[in-house]
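Asker: Please read through the structure below; I'll follow up with questions.
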Amino acid sequence: MVIFAFDGRQGLQDLWRRWAHWRVGFHWYELAVLTVPLLLVLMLFALAWFRDPVYAPRFEPVLFLAGLGFGALEETGWTGFATPRLLARHSVGVAGFGLGVVWTIWHSFADYVGNFATLGADWLIVFAVFWIAPLPAYRMLMTWVYSRTESVLISALMHAGYTGSLLTLAPAMSHQDALVWQGLFALMLWTLVLGLWRSGALARKPIIGGGQ
4 MVIFAFDGRQ GLQDLWRRWA HWRVGFHWYE LAVLTVPLLL VLMLFALAWF RDPVYAPRFE
64 PVLFLAGLGF GALEETGWTG FATPRLLARH SVGVAGFGLG VVWTIWHSFA DYVGNFATLG
124 ADWLIVFAVF WIAPLPAYRM LMTWVYSRTE SVLISALMHA GYTGSLLTLA PAMSHQDALV
184 WQGLFALMLW TLVLGLWRSG ALARKPIIGG GQ
């Protein structure tokens, strides 16, 4: 509806084109789907080995389907509408970070309603580690990938890889106990962002069609 209001029928056609743009290099699919689960599995097994077996990852793949749903629905707006407009004015890094902040605020309302009654005064600390720390970093990675592929499909898969992996692999423990692995996970994402920044990949660049 928003895209139609701003860009009319041509905007909807362009959105469909970017959703249907699947002919990108296979490595982009690997990056979109495998980055987060690999990071989580390696980190959680390391914590289970060196700290406490309770950190061993769960494996409930059926929950990954929920991630696919969230990815498809949300990225129609985040990547289909907002990202191209931000990239037209800002560098990949600035666009991704700004959208990541908005993305975090978007999740704060539902998280507050769902968890404040249980967490009380600890809610803000838990929210900061679970959401504020990782989401801007991951959105910067997603924005970089979109700037290279111009594919909403890849962005949706990347979103699904994030949400689905957290639902599937997160150890069964309290929010407070999970702060350790969530904090390390956020640190790993920011390390990837730092690597892209040092390589110049987050600087202003035109969108490269075809995802080579």
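Each residue of the sequence shown is one higher than the one before, starting from 4 at the first, in the working numbering.
Glycine included, C-beta positions come from ideal geometry on N, C-alpha and C.
Taking the alpha helix (DSSP H) that residue 171 falls in, what are its first and last residues?
Answerer: Unbroken alpha helix (DSSP H) run through residue 171: 155–172.
Asker: Do the stretch 126–146 and the stretch 86–104 make contact, defined as three or more Cβ pairs closer than 8 Å?
Answerer: Yes, the stretch 126–146 is in contact with the stretch 86–104.
Asker: Quick check: the Cα distance between residue 200 and residue 96, rounded to an integer number of angstroms?
Answerer: Roughly 8 Å separates the two Cα atoms.
Asker: Taking DSSP as the reference, what is the three-state secondary structure of residue 62?
Answerer: Three-state DSSP puts residue 62 in coil, outside helix and strand.
Asker: Return helix, strand or coil for residue 114, following the three-state DSSP convention.
Answerer: The answer is helix: DSSP assigns residue 114 an H, G or I state.
Asker: Cutting at 8 Å between CB atoms, please list the residues of its own chain near residue 168, excluding the five before and the five after it.
Answerer: Excluding sequence neighbours, residue 168 sits near 39, 40, 43, 67, 70.
Asker: Measure the beta-carbon distance from residue 31 to residue 108 and round it to whole angstroms, keeping in mind my assumption that it falls under 8 Å.
Answerer: That belief does not hold up - the Cβ atoms of residue 31 and residue 108 are roughly 28 Å apart, past 8 Å.
Asker: Using the C-alpha atoms, what's the distance from residue 112 back to residue 98?
Answerer: Going by the C-alpha atoms only, they are around 22 Å apart.
Asker: Counting pairs of beta carbons, one from the stretch 85–95 and one from the stretch 116–123, are three or more of them closer than 8 Å?
Answerer: Contact between the stretch 85–95 and the stretch 116–123 is absent, because fewer than three Cβ pairs lie under 8 Å.
Asker: Is the separation between the beta-carbon of residue 174 and that of residue 59 shorter than 8 Å?
Answerer: Yes.
Asker: Please work out which residues of its chain come closer than 8 Å, Cβ to Cβ, to residue 47, disregarding the five sequence neighbours upstream and downstream, and give them in chain order.
Answerer: Once the five neighbours on either side are set aside, the close Cβ partners of residue 47 are 58, 59, 60, 172, 174, 184.
Asker: For residue 189, which residues from the same chain have a beta carbon less than 8 Å from its beta carbon, with the 5 sequence-adjacent residues on both sides left out?
Answerer: Hits under 8 Å: 132, 136, 137, 140.
Asker: Using the C-alpha atoms, what's the distance from residue 122 back to residue 36?
Answerer: One C-alpha to the other measures close to 32 Å.
Asker: For residue 161, I'd like the list of residues in its chain whose CB is within less than 7 Å of its CB, leaving aside the five on either flank, ordered along the chain.
Answerer: Answer for residue 161: 35, 145, 148, listed in chain order.
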